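J.:
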Amino acid sequence: MNKALLILKREYLTRVRKKSFIIMTLLVPFIFAAMTILPAWLAMQDDHEERTIAVYDGSGIFLGRLESSDYTRFHFIPREEYLRVKEDLKSSPFYALLFIPPNILSANRAQLFSDKQVTIDVKNGIDRRLEQILEGDKKQTVIDQIGIPDLEQKLAATHTNIQLETIKVGEQGETVKSSTEIAMGVGYIAGFVIYMFVMMYGMMVMRGVMEEKTNRIVEVIISSVKPMQLMFGKIIGIGLVGLTQLAFWVIIGGAVIAGVQTFGGGEGVQSVQATHDLMSTPGMAAAPMVQEQQQNMAIEVIDMVGNLNLWLIVGTFIFYFLGGFFIYASLMGAVGSAVDQDEDAQQFMFPLMLPLIFSIIILFPVVKNPEGALAFWASIIPFTSPIIMMVRVPFGVPGWELLLSMTVLLASIVGVIWVAGKIYRTGILMYGKKVSVKEIVKWLFYRN
Amino acid sequence: MEFFKAEDVVKDYAGHRALDRVSLSVREQSVFGLLGPNGAGKTTLIRIINQITAPDSGEVYLMGRKLKASDIQHIGYLPEERGLYKKMKVGEQALYLAQLKGMSRRDALRNLKKWFEKFEIQPWWNKKVEELSKGMAQKIQFVTTVIHEPKLLIFDEPFSGFDPINTKLLKDEILSLRDQGSTIIFSTHNMGSVEEICDHIALINKSKKILDGNIYDIKEQYKLGEYELETPELGELNPLFTANGFELLETDIRGNRQLAKFRKADGESNREILQKLTGTLDVSAFREVIPSMNEVFIQVVEQANQKQ
């Protein structure tokens, strides 16, 4: 078997078999799914608590008009009881006590007493109810004064909601429904995933090189294989570990999301709606409408994700994923070869990580304006292009820009590997010497 | 037969010449000692033989042909800086290193089994290296060096860090490998072990070869014409020795014996010396002082350094 392949195999298998790798690979999608589902689930839990709120209505406007929802009930009480309850809220059966002053129409003020801090949902729900009733009354008064028949219906009919469809016109004049939000989402996720993997797996290459150097096994190995074979075997092997992990995450994540949609999804959506219910006007038949709208939106989202050039995105993603990994991993490997201890690695790692961190900082500006000068240059310069170009691709990038960016990246990879290889060959055999940048530059001119 | 040859090898590192026109010749099936102080260039030469680095000029020959990439599988190398992957299992690791030397998995397994049985270390096969003691790891390192039955074995300071038992085991194995046909290059500071196992040596100092040859010839060459004599006569010896043209270096009375160390005049044979002395002195023991390799080493290196 080819020796570089043997090395690749070892680098890959020892890492993939590690317990930490298996746990990370299996657990992260679930943690991620839990993080998205948990809030909805928690909202569902809250709603099961039944609360009765005592109301003393000094104005007489609201009697019998505060509608109870499933879990929140309103109980009107006379003044004497109100005074008594207010004295001793804690032992009363009520969750809270609502006091509506006689002058609420002019004062726009009511008071809610409770022994504990009331939940935000309860507060907002009551607030909303009072406002709607008062608003309705005032409106009715105005309508009655003006005396135009069916004014309320006429006014309601003026309610307008525009949906702006964004449609991309292709080079041949074909039109594709697009969504800025979805392009933003896909670009952001793709860029961030590349950043994360380059960072994680680049460091892994560095640690792998350092391990061989500090274990003193490297000289044994390079008496059997060429240093470049060792370096490439390691980088590619670890790159494949990264791709394996990503593939598992995509598969498991997809399965988890599909599972949630099939079994728990409906409930989740309903629970969210239940919360909405309390906040909006009860009984206004809003829920079915919202639901329908959401369904339509879901279909449209799927539609528009499908309209993104998926193959182009997946293809460029793999290219920039590997390209970014190669460029950083070979440099981080070179750093690992030059130092003896973790602490010494820091001074070299920081300048290396700067362009990566810079990419993440400019991620938002680029997402907002994917055609701007910043976005253009950052997607051509090879140290930021793997992340930034990937952010831009879902918006649609002119072919020549993509080609230029890829060519520059490939050429830089060749150059970087040459530099890294020079450093690596000298560095791995350098023991017990703290090296400086000046020293490393000297290595570039060694003949091997 | 000549097995390995280096011809006028030169190697420069930025502003520093590591090897300066070094030529060596190693006979087949012999143990060749590569000696020299720290930083003399021994490790650089060894790395050139292992093709870890290439000479700037000069040629290196193995088995009569120029050294080529595939020769790696005929060479076994135990570097001075050596180690193993700590987290990897012993057997798996030995198998991996053997395969890197170009062995098939099956051959590697067969040979490993043989060596593990020989050293009685089969129970370690599934242990991780980090669970082994240092001495145990050294045995594994030795096995991985010789596993592919190399024709040329290179040991760089092999005994550093070995306990006496492992040192003896290693010495015996090196000699037995030689007897089975391997050629061995042995780099060390430990002159005691050089005398025990080397046939030939070369001494490198400050990137130049300053001495080489058969170990007995060299010692003969660096004799200082000194002798040790033992006599029951306890009187003053100096007049007698001076009269015969000898320089008395030191005397020491031990019980009823007197020991004398002296240097002869040039050109005298041992027989002549004895004839001169036995006529007047009751000699109970007489011995020519042969320098140890350690003394030769110090003498040669110091001379070379003074010349500069």
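Chains A and B supply the protein sequences, listed in that same order.
For the first sequence, position 357 (counting from the first letter as 1) is numbered 358 according to our numbering, and the numbering increases by one without interruption.
For the second sequence, position 178 (counting from the first letter as 1) is numbered 380 according to our numbering, and the numbering increases by one without interruption.
Even for Gly, the Cβ is constructed at its ideal location relative to N, Cα and C.
The model shown is predicted, which means the values in this text are computed figures rather than measured ones.
Would you report the Cα separation of Leu67 (chain A) and Ala41 (chain A), rounded to the nearest angstrom?
T.: 27 Å
J.: Using alpha carbons as the reference points, say which of A:Met200, A:Ile223, A:Val123 lies closest to Gly281 (chain B).
T.: Correcting the residue type first, residue 281 (chain B) is Pro in the shown sequence and not Gly. Among A:Met200, A:Ile223, A:Val123, the Cα nearest to that of Pro281 (chain B) is on A:Ile223.
J.: Confirm, please, whether the CB-CB distance from Met185 (chain A) to Val368 (chain A) is below 7 Å.
T.: yes
J.: In whole angstroms, what is the alpha-carbon distance linking Ala34 (chain A) and Leu9 (chain A)?
T.: 33 Å
J.: What residues from chain A crowd round Asn202 (chain B), counting only those whose CB sits closer than 9 Å?
T.: Nothing can be reported for residue 202 (chain B), as the shown portion of chain B is limited to 203 through 510.
J.: Strictly under 7 Å for the Cβ-Cβ distance: is Leu264 (chain B) near chain A by that measure?
T.: no
J.: Using the C-alpha atoms, what's the distance from Gln231 (chain B) back to Leu311 (chain B)?
T.: 26 Å
J.: Using a Cβ distance threshold of 8 Å, determine whether the stretch 239-247 of chain A contacts the stretch 322-332 of chain A, with at least three qualifying pairs required.
T.: yes
J.: Would you report the Cα separation of Ile54 (chain A) and Pro150 (chain A), rounded to the nearest angstrom?
T.: In this structure, the CA atom of Ile54 (chain A) is about 38 Å from the CA atom of Pro150 (chain A).
J.: Ile424 (chain A) and Trp444 (chain A): beta carbons closer than 7 Å?
T.: Yes, the pair counts as a contact, with Cβ atoms nearer than the cut-off.
J.: From this set, A:Gln164, A:Glu50, A:Leu106, which residue's C-alpha is nearest Asp122 (chain A)'s C-alpha?
T.: When A:Gln164, A:Glu50, A:Leu106 are compared, the shortest CA-CA separation from Asp122 (chain A) is found for A:Glu50.
J.: For Gly21 (chain A), does the three-state DSSP call read helix, strand or coil?
T.: Per the sequence shown, the amino acid found at residue 21 (chain A) is Ser instead of Gly. Ser21 (chain A) falls in the helix class under three-state DSSP.
J.: Measure the C-alpha to C-alpha separation of Ser517 (chain B) and Leu431 (chain B) and round it to an integer number of angstroms.
T.: Missing from the structure shown is residue 517 (chain B); chain B here goes from 203 to 510 and no further.
J.: Look at the alpha carbon of Asp468 (chain B) and the alpha carbon of Asn446 (chain B), and state the distance between them as a whole number of angstroms.
T.: In this structure, the alpha-carbon of Asp468 (chain B) lies about 13 Å from that of Asn446 (chain B).
J.: Within the same chain, show all residues whose beta-carbon is closer than 7 Å to that of Leu7 (chain A), passing over the 5 residues directly before and after it, in chain order.
T.: none
J.: For the candidate residues A:Leu364, A:Val336, A:Ser180, A:Thr215, whose alpha-carbon lies nearest to that of Phe351 (chain A)?
T.: A:Val336
J.: Do you know how far the Cα of Ile399 (chain B) is from the Cα of Glu375 (chain B)?
T.: 11 Å
J.: Using a Cβ-Cβ cut-off of 6 Å (strictly less than) and excluding sequence neighbours within five positions of Ser409 (chain B), which residues of its own chain qualify?
T.: Arg219, Ala220, Leu221, Asp222, Gly243
J.: Looking at the structure shown, is Ala216 (chain B) part of a helix, part of a strand, or coil, going by DSSP?
T.: coil
J.: So, is the C-beta of Ile223 (chain A) closer than 7 Å to a C-beta in chain B?
T.: yes
J.: Could you check where the beta strand (DSSP E) with Ala55 (chain A) kicks off and where it finishes?
T.: 52-58
J.: Which chain A residues sit within Cβ distance under 9 Å of Ile274 (chain B)?
T.: Ser224, Ser225, Val226
J.: Measure the C-alpha to C-alpha separation of Lys139 (chain A) and Ser115 (chain A) and round it to an integer number of angstroms.
T.: 30 Å
J.: Taking Gly61 (chain A) and Pro102 (chain A) to be in contact with their CB atoms under 8 Å, please state how far apart those CB atoms are, rounded to whole angstroms.
T.: 11 Å between Cβ atoms; not a contact.
J.: List the whole-angstrom C-beta distance separating Leu264 (chain B) from Phe206 (chain B), where the pair is believed to meet the contact cut-off of C-beta under 8 Å.
T.: Right, the Cβ-Cβ distance comes to about 6 Å (below 8 Å), so this counts as a contact.
J.: Establish whether the CB of Glu283 (chain B) and some CB of chain A are separated by less than 7 Å.
T.: yes
J.: What residues of chain C sit near Asn392 (chain B), judged by a beta carbon separation below 9 Å?
T.: The question asks about chain C, but that chain is absent: this structure's protein chains are A and B.
J.: Just mark Tyr432 (chain A) as buried or exposed, buried being the case when its beta carbon has 16 or more other beta carbons within 10 Å.
T.: exposed
J.: At 7 Å on the CB atoms, spell out the chain A contacts of Arg252 (chain B), in chain order.
T.: Arg is not the amino acid found at residue 252 (chain B); the sequence shown has Asn there. Those within 7 Å of Asn252 (chain B) in chain A are Ser224.
J.: Can you tell me where the beta strand (DSSP E) holding Arg489 (chain B) begins and where it ends?
T.: 487-490
J.: Of all the options A:Asn125, A:Glu402, A:Ile418, which has the alpha carbon lying nearest to the alpha carbon of Pro228 (chain A)?
T.: With distances taken between Cα atoms, Pro228 (chain A) lies closest to A:Ile418.
J.: Mind listing the chain B neighbours of Tyr432 (chain A)? Cutoff is C-beta to C-beta under 7 Å, in chain order.
T.: Under the 7 Å cutoff, chain B gives Glu283.
J.: Ignoring anything shorter than 4 residues or poking outside the stretch 205-229 of chain A, list the alpha helix (DSSP H) runs there in chain order.
T.: 219-223
J.: Looking only at its own chain, which residues have a Cβ that is under 8 Å from the Cβ of Leu403 (chain A), when we skip the five neighbours before and after it?
T.: Thr317, Met390, Val394
J.: Report yes or no: is there a C-beta of chain B within less than 7 Å of the C-beta of Lys4 (chain A)?
T.: So, interface residue.
J.: Using a Cβ cut-off of 8 Å, pull out every chain B residue sitting near Tyr447 (chain A), in sequence order please.
T.: Tyr215, Ala216
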